[in-house]
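K.L.:
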Amino acid sequence: MEQLKNKQESLGKIFLNIADTMKLYIDYVNKFESANVIFAELSNDKFFQSMEQKGMELTGKYLRDYLITPIQRLPRYQLALETIIKHTEPTHEHYESLLKAKDKVQSVNIHINEKKRDYENRLRLLELATRIELPSYIVAPHRVCIFEGKMEMEKEGEEKKKVHVYLLNDLWIITEEKNDNQFVYVDKIALNDLSIAFVSQASFILTAGNVSWNCYCATPFEVNKWVNAIEDTLKSNELHDLLGEWGDYCSFVISSHFVR
853 MEQLKNKQES
863 LGKIFLNIAD
873 TMKLYIDYVN
883 KFESANVIFA
893 ELSNDKFFQS
903 MEQKGMELTG
913 KYLRDYLITP
923 IQRLPRYQLA
933 LETIIKHTEP
943 THEHYESLLK
953 AKDKVQSVNI
963 HINEKKRDYE
973 NRLRLLELAT
983 RIELPSYIVA
993 PHRVCIFEGK
1003 MEMEKEGEEK
1013 KKVHVYLLND
1023 LWIITEEKND
1033 NQFVYVDKIA
1043 LNDLSIAFVS
1053 QASFILTAGN
1063 VSWNCYCATP
1073 FEVNKWVNAI
1083 EDTLKSNELH
1093 DLLGEWGDYC
1103 SFVISSHFVR
């Protein structure tokens, strides 16, 4: 603020300087839901209620208001910069730095949202392991649960079965519901062997090698959700593999250059 008051630096440059520091919010964002659960439990305690009321009288805000503030702050920074740019002439000396700052803050917001989604997906896999007796190697640091749901699957040459399936980033896990939200592990399919094809509004086919499964969903909407989730995951894996190969190639070229 002092820099702005003294006109030593533009608003855009200040945001460019602090944007990367905003990534420190990731940990807070990831733990926010857990903090809300604890807050809800404490809200039933009379001593906590009295402290909450005293805090409100002193500051004009409840603790929950303070908890949500950091979550709201990052999108507001982006919105503020977009509003300032809207009312700034393109010829203004600070216009370009404001544009760069807005793009940088936007990329930080996207990065934080992706990390939050990744954290939630990893958490889902750990929760999955408490409900199913999975082979120990399936729960691994690189693995996340992307999507899950009920359907009927019919393996080629076998009877149709009611199953609960889980789409991981590299595996398709098939389970059968036992009771009380508990599931029995049945089978897995590696996604890098998998291909998918629409059949009708109510079903799609998964193929791995010479084996096929007909997958039946309750509604066309569910079919679309599953097909989109699987296709997006397969595309993401292809891109990841491509980048990995490119990185290996670059490393080889660089090392070859220095060896000479």
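Going by this note's numbering, the sequence shown wraps up at 1112, each residue one higher than the last. Yeah, the Cβ is synthetic: ideal placement off N, Cα and C, and Gly gets one too.
Specify, as a first and last residue, the run of the alpha helix (DSSP H) that T943 falls within.
P.N.:
Your numbering for residue 943 matches position 91 in the sequence shown. Note, T943: premise wrong, no alpha helix (DSSP H); not H, not E.
K.L.:
Taking DSSP as the reference, what is the three-state secondary structure of V991?
P.N.:
Taking the sequence shown and counting its residues from 1, one reaches residue 991 at position 139. The answer is coil: DSSP assigns V991 none of H, G, I, E or B.
K.L.:
Answer with buried or exposed for I1025, where buried requires no fewer than 16 other C-beta atoms within 10 angstroms of its C-beta.
P.N.:
What you label residue 1025 is simply residue 173 of the sequence shown in a count that begins at 1. Buried, since its Cβ has 16 or more Cβ neighbours within 10 Å.
K.L.:
Given this structure, state the Cα-to-Cα distance separating T911 from A887, to the nearest angstrom.
P.N.:
Here residue 911 is taken as the residue at index 59 of the sequence shown, counted from 1. Here residue 887 is taken as the residue at index 35 of the sequence shown, counted from 1. Straight-line Cα distance between these residues: approximately 21 Å.
K.L.:
Just the Cα atoms here: how many angstroms apart are N1076 and L1043?
P.N.:
By one-based count along the sequence shown, residue 1076 stands at place 224. By one-based count along the sequence shown, residue 1043 stands at place 191. Going by the C-alpha atoms only, they are around 18 Å apart.
K.L.:
Rounded to a whole number of angstroms, what is the C-alpha to C-alpha distance between F900 and F1035?
P.N.:
In the sequence shown, residue 900 corresponds to position 48, counting from 1. In the sequence shown, residue 1035 corresponds to position 183, counting from 1. When rounded, the distance between both Cα atoms is 39 Å.
K.L.:
Provide the residue(s) that pair with T921 in DSSP beta bridges, ordered along the chain.
P.N.:
Translated into positions along the sequence shown, residue 921 becomes position 69. Answer is none; T921 lacks a bridge partner.
K.L.:
Tell me whether V889 sits in a helix, a strand or coil according to DSSP, three-state version.
P.N.:
Here residue 889 refers to the residue found at position 37 of the sequence shown. Three-state DSSP puts V889 in a helix.
K.L.:
Residues in the same chain with beta-carbon distance under 6 Å from Y929, minus the five sequence neighbours each way, listed in chain order, please.
P.N.:
Position 77 of the sequence shown, counted from the start, is the residue given in the question as residue 929. The residues are V957.
K.L.:
In three-state terms, what does DSSP make of L856?
P.N.:
Against the sequence shown, residue 856 aligns to sequence position 4. Bear in mind that the predicted position of L856 carries a pLDDT of just 48, short of 50, making it unreliable; the figure below should be weighed with that in mind. Helix.
K.L.:
So is V1063 buried or exposed if we call it buried at 16+ other beta carbons inside 10 Å?
P.N.:
Position 211 of the sequence shown, counted from the start, is the residue given in the question as residue 1063. It is exposed - the Cβ of V1063 has fewer than 16 other Cβ atoms within 10 Å.
K.L.:
Do N1089 and D1022 have their C-beta atoms closer together than 8 Å?
P.N.:
Your numbering for residue 1089 matches position 237 in the sequence shown. Your numbering for residue 1022 matches position 170 in the sequence shown. Contact flag set, yes.
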